[in-house]
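Number of protein chains: 2
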Amino acid sequence: MFKKVLVADDLGSINLGVLTIAKTLGLNNVERVEYCDDAYLRIKKGILDKDPYDLLITDLSFKEDHRTQKYPSGEDLIKVLRKEIPNLKIIVYSIEDRLQKVRRLISQYNVNAYVCKGRKGLEELSKAVKEVYEDRVFTSQQVSQALTNKTTLDIDDFDILLLRNLALGKSQEEISLDFKQKKISPCSLSSIEKRLNKLKIQFSANNTIHLVAIGKDIGLI
Amino acid sequence: MFKKVLVADDLGSINLGVLTIAKTLGLNNVERVEYCDDAYLRIKKGILDKDPYDLLITDLSFKEDHRTQKYPSGEDLIKVLRKEIPNLKIIVYSIEDRLQKVRRLISQYNVNAYVCKGRKGLEELSKAVKEVYEDRVFTSQQVSQALTNKTTLDIDDFDILLLRNLALGKSQEEISLDFKQKKISPCSLSSIEKRLNKLKIQFSANNTIHLVAIGKDIGLI
DNA sequence: AACTTCATTACGGGTTTCCGGAATTACCTT
DNA sequence: AAGGTAATTCCGGAAACCCGTAATGAAGTT
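Top line first, the protein sequences correspond to chains A and B.
Take the first sequence: its position 97, counted from the start at 1, is 96 in numbering that gives the first Met the number 0, and no numbers get skipped.
Take the second sequence: its position 15, counted from the start at 1, is 14 in numbering that gives the first Met the number 0, and no numbers get skipped.
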């Protein structure tokens with residue numbers, strides 16, 4: 000089984016549950032941190048000391064407090080770790096069950112498991128640890144379609160950027176000018192209109208407000 | 000100290016932490032449920048059996064699953080309990096720290112404490128139990144301004160209804176017609192425009208899309 | 001080089017929204 | 001009942017958005 004495990008979660012009570020499960024799995028060397036920055040430092044230190052962690056279990060959202068963080072969210076942490084230490088096993092353990100977000104994490108960062116916090120969360124986490132140890136990918140039942148279902152997969156970064164800009168209150172013309180300045184490929188007002196139209200059809204949104212609201216609901220932006 | 004306590008939370012691991020804290024506080028009779036409906040039934044049964052609960056600690060958001068619920072959220076549960084059993088002490092223990100939501104809960108339902116799940120969550124919960132036992136209201140530091148700060152208090156149900164309708168993709172004219180049919184007081188297109196303008200100024204939103212996005216972010220809709 | 005294809009851009013007219021001001025109505029005070 | 005204030009409604013022009021079509025441009029094919 001895994002020799003050295005790190006758990007990153009800012010809720011003390013969650014950590015407590017995870018540590019309990021860990022014991023029953025025969026994980027004897029489990030440490031916990033409450034900040035992503037601490038997680039990063041510990042993992043780097045483990046490598047320097049020739050005693051690296053071989054599993055990270057992390058939440059996605061961490062509350063902000065007085066400590067300013069370099070990696071404020073679990074996603075930031077995963078991003079940098081995947082780049083620097085690609086062979087580290089990572090299990091995400093989060094309340095977040097919106098498919099778009101799960102899909103991004105799995106496809107972009109190749110996390111080894113995605114477990115939803117919930118009534119059966121700890122059981123599933125336990126299963127995930129075993130599966131990941133056998134080099135398989137695990138996802139909770141409720142988000143498993145994130146891997147298979149391709150319905151909204153033809154939404155690219157441009158679409159998200161566009162929606163984010165709209166949600167920030169920019170007009171379509173302002174966005175067009177902004178894109179022109181930043182040399183972002185389709186930058187004409189017409190193209191932006193067309194893209195929005197495509198998105199409205201895909202999400203069956205009545206208008207742009209509806210579209211942005213849906214985008215927020217499903218965790219796209 | 001409290002004689003009979005019920006904890007409602009769908010995350011097993013959270014419950015574990017809460018139960019641990021409860022013991023250190025000298026609460027010997029603590030039960031837990033994972034669904035709001037179960038909480039309601041137990042509390043009602045307690046009264047019938049002449050052995051009522053005197054404290055409820057509940058989360059706000061419960062995951063949906065195969066079981067269809069009469070009270071799907073903690074807010075629904077609180078609403079009905081406050082109406083039927085006004086003297087029951089209620090502590091909300093939730094990850095939710097958006098002021099608007101907290102404000103609604105405290106002012107509308109008079110919950111006795113609001114504790115944010117977080118790094119110090121369990122400590123604060125412990126403090127909250129003691130305070131509530133002394134008939135005082137407790138709120139976590141980070142949301143304490145929900146009680147004092149009145150900045151956005153002049154937003155009424157009409158505003159929220161309006162924003163919700165917009166987020167659902169209705170045009171302003173459709174909303175106007177809808178309001179006319181439902182006899183909702185200001186229903187003219189012009190009034191709707193004026194109200195939106197007021198909200199845009201209050202939230203310093205550039206346009207309606209921005210306004211709806213902000214509304215979603217702060218938990219207003 | 002001519003052709004096809006596809007993405008991007010440009011344009012025009014209709015609709016919705018935005019933003020004043022003015023008129024009307026509702027409600028409260030005296 | 002008269003008067004005053006605030007909310008609501010009506011109106012009109014400017015701006016933004018919507019939507020279809022046509023023009024342009026950048027590939028790759030033969």
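Glycine residues also receive a C-beta, built at the ideal position from the N, C-alpha and C atoms.
From a predicted model like this one, the values you see are computed outputs, not experimental measurements.
Ranked by Cα distance from B/VAL32, the options B/THR23, B/GLY25, B/LYS44, B/LEU5 are led by B/LEU5.
In this structure, the alpha-carbon of A/SER60 lies about 35 Å from that of B/ARG194. Distances from the alpha-carbon of A/ASP64 to those of B/ARG118, B/LEU40, B/ASN14 put B/ARG118 closest. Your pair A/VAL142 and A/LEU76 does not check out as a contact, with CB atoms roughly 20 Å apart and the cut at 8 Å.
Here B/SER184 is exposed, its C-beta having fewer than 16 other C-beta atoms within 10 Å. Using a CB distance below 9 Å, the part of the region 11-25 of chain A facing chain B consists of GLY11, SER12, ILE13, ASN14, LEU15, GLY16, VAL17, THR19, ILE20, ordered along the chain. Cβ-Cβ distances below 8 Å link B/ASN206 to LYS199 in the same chain, with the five nearest sequence neighbours on each side left out; the list follows chain order. Annotation: B/TYR52 to B/SER187 spans about 49 Å, alpha carbon to alpha carbon. In the DSSP assignment, B/CYS115 falls within the unbroken beta strand (DSSP E) covering 112-115. Leaving aside the five residues that flank B/ARG41 on each side, the residues in its chain whose CB is nearer than 8 Å to its CB run, in chain order, LEU5, GLU30, VAL32, TYR52.
For B/ILE217, same chain residues with a beta-carbon under 8 Å away, outside a window of 5 residues either side, are ARG97, LEU98, GLN99 in chain order.
Only residues of its own chain outside the window of five on either side were considered, and among them LEU98 have a CB closer than 8 Å to the CB of A/GLN144, listed in chain order.
A/LYS197 is outside the set of residues whose beta carbon lies under 8 Å from a beta carbon in chain B. The beta carbon of A/THR207 falls within 8 Å of a beta carbon belonging to chain B, placing the residue at that interface. For the pair A/LYS169 and A/ARG102, the Cα-to-Cα distance works out to about 27 Å.
Against chain A, the CB of B/GLU33 has a partner CB under 8 Å away; the residue lies at that interface. Linking B/PHE178 to B/GLU192 through their CA atoms gives a straight-line distance of about 14 Å.
Between B/ALA204 and chain A, the shortest Cβ-Cβ separation is below 8 Å. If you draw a straight line from the Cα of B/ILE105 to the Cα of A/MET0, it comes to about 48 Å.
One alpha carbon belongs to B/VAL17, the other to B/LEU55, and they sit about 12 Å apart. Closer than 8 Å to the CB of B/LEU104 there is not a single CB belonging to chain A. Under the three-state reduction of DSSP output, B/ARG41 falls in the helix class. With the criterion set as a beta carbon lying under 8 Å from some beta carbon of chain B, the members of the region 36-70 of chain A are LYS62, ASP64, in sequence order.
DSSP places A/VAL136 outside both helix and strand once states are collapsed to three, so it counts as coil.
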